[in-house]
Amino acid sequence: TLRDRQKVPMYLQVALENLTDMFNITTEVTEREPEPIISPSTSNFDMSNDFKFLTPERVRSRIKNIKYEGDPDLHPIQTMETAFLVRTLYQIALKINECYGPNFYQLYHSPTFTGRLARQILCPPMTIYRYDKTIPGSPRVSS
236 TLRDRQKVPM YLQVALENLT DMFNITTEVT EREPEPIISP STSNFDMSND
286 FKFLTPERVR SRIKNIKYEG DPDLHPIQTM ETAFLVRTLY QIALKINECY
336 GPNFYQLYHS PTFTGRLARQ ILCPPMTIYR YDKTIPGSPR VSS
C-alpha cells in the first residue's frame, strides 16, 4: 500500500543506524572532489562505461539479452521450431493434464516403487508467478 511505501525510508534509516551501532561504524561524511568535466574534443573521452549513453550497438546487445521469465509452457515459439507442431503438442499436453493431472499428482507423491519411478520421469509440480510490470515501481505478484 501507499502507507507501507512511505514507511520504507524510515525503516531503512533505522536499519542503517542499528547496523552502524552494532558494528561500531563511524558515520563520517567525506567530501568528494568534483570530477573534472571532459569535453568531447578530448581524445581520451570514453563512453563505454557510462550507461547514460545508449548507442545503437548497446541497444542491439540489450535486445539480444532479453530473457523470457514467465510460464515455461508459454515460452514464445522460436524460429528453429515448427509453429504448427508446437501448438498441436501444447494442446495435447493441456488435454492430458486436464484429464490425468490429479492421477499424476497422486502417483508422483506415492511412496511406492511406481512413485519413485514417476519422480524420475515426471516434472515436479510447480507454481508459476506472473509479474505485472505495466505500472512502474509496483511489481504485482499473482499465481
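Quick note, my numbering runs 235 ahead of the 1-based positions in the sequence shown.
Backbone N, C-alpha and C define an ideal beta-carbon position, used for all residues, glycine too.
Under 7 Å between C-beta atoms of Val321 and Ile331: Against the sequence shown, residue 321 aligns to sequence position 86. Against the sequence shown, residue 331 aligns to sequence position 96. No, Cβ-Cβ distance for Val321 and Ile331 is not below 7 Å.
Which residues bound the alpha helix (DSSP H) around Leu357? As a first step, residue 357 must be located in the sequence shown, where it is residue number 122. Annotation for Leu357: no alpha helix (DSSP H) segment contains it, and DSSP assigns it neither H nor E.
Mind checking whether Tyr343 and Ala353 have CB atoms under 7 Å apart? Locating residue 343 in the sequence shown gives position 108, counting from the first residue. Locating residue 353 in the sequence shown gives position 118, counting from the first residue. Closer than 7 Å, so yes.
Those residues which DSSP pairs with Arg238 across a bridge: Numbered from 1 along the sequence shown, position 3 holds the residue referred to as residue 238. For Arg238, which the question treats as bridged, DSSP gives no partner whatsoever.
Only counting the same chain, and skipping five residues up and downstream in sequence, which positions put a Cβ closer than 8 Å to that of Thr265? Indexing the sequence shown from 1 puts residue 265 at position 30. Confidence is the limiting factor: at Thr265 the pLDDT is only 49, short of 50, which leaves the residue's position unreliable, though a coordinate-based value still follows. The answer is none, since no qualifying residue turns up.
Straight-line CA distance for Ile327 to Thr317? Sequence index remark: in the sequence shown, residue 327 carries index 92 (1-based). Sequence index remark: in the sequence shown, residue 317 carries index 82 (1-based). Each residue's alpha carbon lies about 16 Å from the other.
For Arg295, the residue or residues it bridges with in DSSP: Translated into the one-based positions of the sequence shown, residue 295 becomes position 60. According to DSSP, Arg295 bridges with nothing at all.
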